[in-house]
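Numbering (full-length UniProt numbering), first residue to last: 1 to 342. Below: the structure, in structure tokens.
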Ligand SMILES: [Zn+2]
């Protein structure tokens, strides 16, 4: 009998139906297809189990977003608008539904972890979420998938202290908005310096306000920063912050646009760095959170490097979970949904 450790991939063919216009918009369905193709044809294939997304409850969306925004979003889509507020935020008829399914994928991930799944859990979703504010879309994002997953985790399972770690090349302004005054959450973001990069927030001085001061840790990197600098901050301030905060759960805003081949940022990370990040996070999740960690895809716009980086990230996490340094070894019996690729 074959026994292999598992990686749960939450993905749904409906994620492909969010239409960003088919022009030169970088946030395309092909991003997800590239990831699946890489994973299904590579060394991680025997480890994969697939789960579909589900629609969240309205009250779950309202844990961060305003009723006014949800109505405005739905109306814009039904009216046939092609974007909301800015051409970055392209929409099609399906976008309102798909954005909700995208948010639901984080909740499916939480349910899996709380149901006892102990391997890496990755939500391979779009549209992304970390720029979305309570009342408006921003930077390709409509609903804040990571924030909604945190609120769901707290409400449904009573986990109070949750850390969001965001390694997308851009600052997750929407996540910071959500947690700026919240003493129960820790937001750590590693991103290209806001003087040079979208959306222009995420300065080191932004540390949370009032009693929550110190629960936001922004680590801006100079353009051109590469692997050595990232490893330095992971093993320094990031690990220190986790040790101080002692989270019960980790939600990872997993963006891959800091890759050196991705022209959405000036950062210069290698594919192998994502393996190292995955290993560190898997190790920290085991140490601090009894393995309670989920990752939700954010950016990453160079399809080949995105796909390779996701694979490296998951391989790193798998190594941490199985206690090996790269190669998997026999674990528990394989179960769950039959493997099938898009
Ligand atoms: Zn980004």
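Each residue gets a CB set at the ideal place from its N, CA and C atoms; glycine is no exception. Being a predicted model, the structure only gives us computed values, none of them experimental.
Delimiting residues of the beta strand (DSSP E) encompassing residue i
i	result
residue 218	216-221
residue 196	Where residue 196 is concerned, there is no enclosing beta strand (DSSP E), given that its DSSP letter is neither H nor E.
residue 89	86-90
residue 252	249-254
residue 295	293-297
residue 48	48-51
Integer-rounded CB distance, given that residue j should sit under 8 Å from residue i
i	j	result
residue 251	residue 188	Incorrect: roughly 11 Å between the Cβ atoms, too far for contact.
residue 361	residue 34	Shown here, the chain extends from 1 to 342; a query on residue 361 therefore has no answer.
residue 48	residue 7	6 Å
residue 90	residue 20	4 Å
residue 44	residue 314	6 Å
residue 119	residue 145	About 20 Å separates the two Cβ atoms, so there is no contact after all.
residue 281	residue 128	Not a contact, Cβ separation roughly 19 Å.
residue 29	residue 69	Not quite, the Cβ-Cβ distance comes to about 24 Å (not below 8 Å), so this is no contact.
residue 241	residue 275	Not confirmed; about 22 Å, so no contact.
residue 255	residue 167	7 Å
residue 92	residue 25	About 11 Å; that fails the 8 Å criterion.
residue 225	residue 271	Actually they do not touch by this definition, with Cβ atoms about 16 Å apart.
residue 267	residue 192	5 Å
Any chain B beta carbon closer than 9 Å to residue i
i	result
residue 215	Although the question refers to chain B, the structure presented lacks it and comprises just one protein chain.
Buried/exposed call for residue i, threshold 16 Cβ in 10 Å
i	result
residue 232	exposed
residue 293	buried
residue 59	exposed
residue 86	exposed
residue 322	buried
residue 12	buried
residue 78	exposed
residue 269	buried
residue 222	exposed
residue 336	Here residue 336 scores only 45 on pLDDT, less than 50, and its place in the model should not be relied on; the value that follows carries that caveat. Per the 10 Å Cβ criterion, exposed.
residue 57	exposed
residue 287	exposed
residue 235	exposed
residue 140	buried
residue 71	exposed
residue 209	exposed
residue 257	buried
residue 218	buried
residue 295	buried
residue 265	buried
residue 136	buried
residue 176	buried
residue 248	buried
residue 244	exposed
residue 203	exposed
residue 172	buried
residue 111	buried
residue 317	buried
residue 46	exposed
Bounding residues of the alpha helix (DSSP H) (the contiguous stretch that carries residue i)
i	result
residue 8	Here residue 8 belongs to no alpha helix (DSSP H); instead the beta strand (DSSP E) covers 7-10.
residue 281	271-289
residue 73	67-78
residue 381	Residue 381 cannot be examined here, being either before or after the span of the chain that is shown, 1 to 342.
residue 179	173-179
residue 321	303-322
residue 58	58-61
residue 233	227-233
residue 29	29-40
Near ligand 2: residue i beta-carbon under 8 Å from a heavy atom
i	result
residue 132	By its list of ligands, the structure shown excludes ligand 2, since it contains just ligand 1.
Please give me, in chain order, every unbroken run of the alpha helix (DSSP H) with length at least 4 that falls completely inside the segment 87-164.
Listed in chain order, the complete alpha helix (DSSP H) runs (minimum 4 residues) inside the segment 87-164 are 95-114, 145-157.
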